[in-house]
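Visitor:
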Amino acid sequence: MGGSESIEQKAKAATQKLHTVAQEAYKSISTAVSNFAEERLKEGYLDNEPMLFSAGYTDECQVCHEEKPISDLLSLQNCGHLICPQCLLSHVHDDIHNIAKYPLKCPVLLTMHEMEPSDINKRPQSVKTKTKMKINGSADQDEKEEKLLLESVHEAKEANDRPRPPLLLLPPPPLLPLLPPPPLLPLLPPPPPPPPLLPPPPPPRVSSPVTAQKGKDDAKGERKYDVETEECKLVESSDHNNE
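Using the numbering used here, count along the sequence shown one by one with no gaps and you end on 386.
1. Evaluate Leu330 with the Cβ neighbour count: other Cβ atoms within 10 Å of its Cβ, from every protein chain shown; 16 or more gives buried, anything less gives exposed.
2. Taking the beta strand (DSSP E) that Pro212 belongs to, which residues open and close that run?
3. Quick one: grab the DSSP three-state call for Glu374.
4. Three-state secondary structure (DSSP) at Glu298?
5. Using DSSP's beta-bridge definition, name the partner residues of Asp202.
6. From the DSSP output, in three-state form, read off Leu292 for me.
7. Bridge partners of Asn283, per DSSP?
8. Does Gln166 pass the burial test, meaning 16 or more other C-beta atoms within 10 Å, or should it be called exposed?
9. Taking the alpha carbon of Gln229 as the point to measure from, which residue in Cys249, Asp283, His162 has its own alpha carbon closest?
10. Taking only three categories from DSSP, how would you classify Leu321?
11. With a CB to CB cut of under 7 Å and the five nearest residues on each side skipped, what residues in its chain are close to Pro326?
12. According to DSSP, is Leu161 helix, strand or coil?
13. When DSSP builds the beta bridges, which residues end up paired with Ser233?
14. Tell me which same chain residues have a C-beta within less than 7 Å of the C-beta of Gln205, skipping the five on either side of it?
15. List the residues that DSSP assigns as beta-bridge partners of Ser149.
16. Applying the 10 Å Cβ sphere with the 16-neighbour rule, what's the burial state of Glu319?
17. Which same chain residues, not among the five before or five after Leu231, have their C-beta less than 7 Å away from its C-beta?
18. Looking only at its chain, what residues have a beta carbon closer than 7 Å to the beta carbon of Thr201, apart from the 5 residues adjacent to it on each side?
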């Protein structure tokens, strides 16, 4: 008796601890989401969009498949499945011996792996209806796709089997007559070479008055330098005197 009571006490303590941790995780997630929504509202992205975590928004627990307010659902960190606290506590109570040794496993994944086709009849009526709707919807969609594919194949086959009109053989276009080539132009003589460029003649030399006077003096006589007077004197030549 003492051993069973201690196990039950441990299970209750673990369940309470897990519930507290789950509530704290949900609060942190809600705070982060609300901050993100406020930032999006400031940027103008959610003016006409519905608020995801507004009051009155409901979602489905993925274990019992019941519609509940999203504030009452818990999101698992590893897989992101939404589970109500009642289903999570029942799963923890059933798996209390493994939780002490191993981390908590997602009950949704365990249900998906352990479920067999015979277990579908054991589920609630809402779950069976939704599963049947999904199966029927996928089957109807497959039938529509198959019907469209067969119709397209049939139309393509009919188009290939239709008799094609005979090809009209048109006569070739007439050939244009060949024109004679144009006459050749006579060859012109080459142009004469340009005249050579000669430099202009030099301008005539004009004697200055000093040079002319000097020439006259030279014709009259000879200039000699006198050392005593330090002057240059003109000495008449003998030819000039004879004249």
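Note that the Cβ used here is the ideal one computed from N, Cα and C, for glycine as well.
Guide: With the structure as the only source:
1. Taking the sequence shown and counting its residues from 1, the one referred to as residue 330 is at position 187. Leu330 should be labelled exposed.
2. By one-based count along the sequence shown, residue 212 stands at place 69. Per DSSP, Pro212 belongs to the beta strand (DSSP E) from 210-212.
3. By 1-based counting over the sequence shown, the position of residue 374 is 231. Reduced to three states, the DSSP call for Glu374 is strand.
4. Taking the sequence shown and counting its residues from 1, one reaches residue 298 at position 155. Residue state, collapsed to three classes: helix.
5. Taking the sequence shown and counting its residues from 1, the one referred to as residue 202 is at position 59. Paired residue(s): Lys211.
6. Position 149 of the sequence shown holds residue 292. Helix, per DSSP.
7. Here residue 283 refers to the residue found at position 140 of the sequence shown. The question names Asn, but residue 283 in the sequence shown is Asp. Partner(s): none; Asp283 has no beta bridge.
8. Position 23 of the sequence shown holds residue 166. By the neighbour-count rule (16 or more Cβ atoms within 10 Å), Gln166 is not buried but exposed.
9. Taking the first residue of the sequence shown as position 1, residue 229 is located at position 86. Minimum Cα distance to Gln229 is reached at His162.
10. Along the sequence shown, one-based indexing puts residue 321 at 178. Residue state, collapsed to three classes: coil.
11. Taking the sequence shown and counting its residues from 1, one reaches residue 326 at position 183. No residues qualify anywhere along the chain.
12. Position 18 of the sequence shown, counting from 1, holds the residue named residue 161. It is helical.
13. Here the question's residue 233 lines up with position 90 in the sequence shown. Ser233 is not bridged to any residue.
14. As a working note, residue 205 is residue 62 in the sequence shown. Once the five neighbours on either side are set aside, the close Cβ partners of Gln205 are His224, Leu225, Ile226, Val251.
15. Looking up residue 149 in the sequence shown gives position 6. DSSP output for Ser149 lists no bridge partner at all.
16. Working through the sequence shown from its first residue, we reach residue 319 at position 176. Checking the sequence, you will find Leu at residue 319 rather than Glu. Leu319 should be labelled exposed.
17. What you label residue 231 is simply residue 88 of the sequence shown in a count that begins at 1. The answer, listed in chain order, is Ala165, Leu217.
18. Residue 201 sits at position 58 when you count from the first residue of the sequence shown. Cβ within range, chain order: Glu210, Lys211, Pro212, Ile213.
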